Amino acid sequence: MADVPAADAPVLRTERLGKRFGALQAVSDVSLALPPGARHALIGPNGAGKTTFINLLTGVLAPSAGDVYLGEERITPLRQHRRVKRGLTRTFQINTLFAGLTVLESVVLAILQRDGLAARFWRPVALYRAQIDEAMALLATLRLADDAGTRTAQLPYGRQRLVEIALALATRPRILLLDEPAAGIPAAESAEVFGAIAALPASVTILFIEHDMGLVFRFAQRITVLAQGAILAEGTPAEIGRDERVRAVYLGREDE
Numbered sequence: 000m001a002d003v004p005a006a007d008a009p010v011l012r013t014e015r016l017g018k019r020f021g022a023l024q025a026v027s028d029v030s031l032a033l034p035p036g037a038r039h040a041l042i043g044p045n046g047a048g049k050t051t052f053i054n055l056l057t058g059v060l061a062p063s064a065g066d067v068y069l070g071e072e073r074i075t076p077l078r079q080h081r082r083v084k085r086g087l088t089r090t091f092q093i094n095t096l097f098a099g100l101t102v103l104e105s106v107v108l109a110i111l112q113r114d115g116l117a118a119r120f121w122r123p124v125a126l127y128r129a130q131i132d133e134a135m136a137l138l139a140t141l142r143l144a145d146d147a148g149t150r151t152a153q154l155p156y157g158r159q160r161l162v163e164i165a166l167a168l169a170t171r172p173r174i175l176l177l178d179e180p181a182a183g184i185p186a187a188e189s190a191e192v193f194g195a196i197a198a199l200p201a202s203v204t205i206l207f208i209e210h211d212m213g214l215v216f217r218f219a220q221r222i223t224v225l226a227q228g229a230i231l232a233e234g235t236p237a238e239i240g241r242d243e244r245v246r247a248v249y250l251g252r253e254d255e
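163 is the number that numbering that gives the first Met the number 0 gives to position 164 of the sequence shown; each next residue is one higher, with no gaps.
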């Protein structure tokens, strides 16, 4: 009988992942493991390699060393769309994708893309009752139901970021990667965005980059700190808050 993976076996992990750009070692020997349902923050000063690391996870960049695994599957050679099909999704940039559509139309289109039906989107949206129902359920989860008929470009920026997350969730991800979801959002709206993220079901594992340390320490269950492309520290928010090395790295600086 084949071995059954443990319930807390990592759903996403890297083994000694690295990326070099000429003489610059942007990411070096990073091994990270996310258990199911994790709410994990990735932080670090400017140039720490956080976004490069996310690009390695999603397949935007090919690593110079190391591997990426979804469960037990090595996905290092897979292209971006193959990783999405396997449940690894990064937030979309909705301002350039669906700005002219309503919130509901945008999410329905993302669902149709997932199901291979987007070529027929010219048909009246009302014909896609199952997809509309699924989209409305997603919007309700993110507290966006009242905005369903509003064009995305007309929403406040914080609400647009929630729509961006809804589009990502429409792919039915196992792992959701969020690159600074609160960037450029007023404090009141950023708390709303993270409140919605925190309320997502445990079936979705979340790895996020965020520069606002108040939000990180409030919402993350575990934190990894990158410095100069390598892991400086990892632990609970309380452990990271007490770590003198981390405090030295952040003294008088902002995240990238």
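Note that the Cβ used here is the ideal one computed from N, Cα and C, for glycine as well. The model shown is predicted, which means the values in this text are computed figures rather than measured ones.
List the whole-angstrom C-beta distance separating residue i from residue j, where the pair is believed to meet the contact cut-off of C-beta under 8 Å.
i	j	result
L328	A167	With the chain running from 0 to 255 in the structure shown, residue 328 is simply not present.
E179	H210	6 Å
L11	L69	6 Å
P9	L33	6 Å
L161	A195	6 Å
Where does residue i land, buried or exposed, given buried means 16+ other C-beta within 10 angstroms?
i	result
T84	First, the residue type needs correcting, since residue 84 is Lys and not Thr in the sequence shown. Exposed is the call here.
F20	exposed
Q220	exposed
Q92	Confidence at Q92 is low in this model, with a pLDDT of 44, below 50, so its placement is unreliable and the value that follows should be read with caution. Looking at its Cβ environment, which holds fewer than 16 other Cβ atoms inside 10 Å, Q92 is exposed.
E72	exposed
Q130	buried
L111	buried
D146	buried
Judging by CA-CA distance, which residue of the options is the nearest neighbour of residue i?
i	options	result
D66	L41, L31, G228, A187	L31
F97	T235, A136, A152	A152
S202	D211, P172, D178, E179	P172
S46	V29, G58, A40, L23	First, the residue type needs correcting, since residue 46 is Gly and not Ser in the sequence shown. Considering only alpha carbons, the answer is L23.
T57	R244, L175, I222, R142	L175
I184	A134, Q159, R142	Q159
H39	M212, R128, T204	T204
L108	G36, E133, T88, A197	E133
Y156	E191, A139, T223, R128	E191
T140	A197, F218, T90, L41	A197
For residue i, which residues from the same chain have a beta carbon less than 6 Å from its beta carbon, with the 5 sequence-adjacent residues on both sides left out?
i	result
S27	G17, G228, A229
R150	T101
G274	Residue 274 cannot be examined here, being either before or after the span of the chain that is shown, 0 to 255.
D7	P34
D242	A232
L177	T90, F207
Would you check whether the ligand SAH has a heavy atom nearer than 7 Å to the C-beta of residue i?
i	result
G194	Within the structure as shown, the ligand SAH is missing, as the structure has no ligands at all.
In this structure, does DSSP put residue i in helix, strand or coil?
i	result
D211	coil
I230	strand
D146	helix
A37	coil
G183	coil
A201	coil
L116	coil
G17	strand
A32	strand
L154	coil
V59	coil
Q258	Lying before the first or after the last residue shown, residue 258 is absent from the chain, which here runs from 0 to 255.
T75	coil
P236	helix
For residue i, which residues in the same chain have their Cβ closer than 8 Å to its Cβ, ignoring the five residues on either side in sequence?
i	result
L60	K18, T51, N54
G148	T101, V102, L103
R113	A169, T170, R171
R128	none
Quick one: residues in its chain with C-beta nearer than 7 Å to the C-beta of residue i, no 5 flanking neighbours on either side, listed in chain order?
i	result
L137	V106, A165, L168, A169
I239	I222, V224, A232, V245
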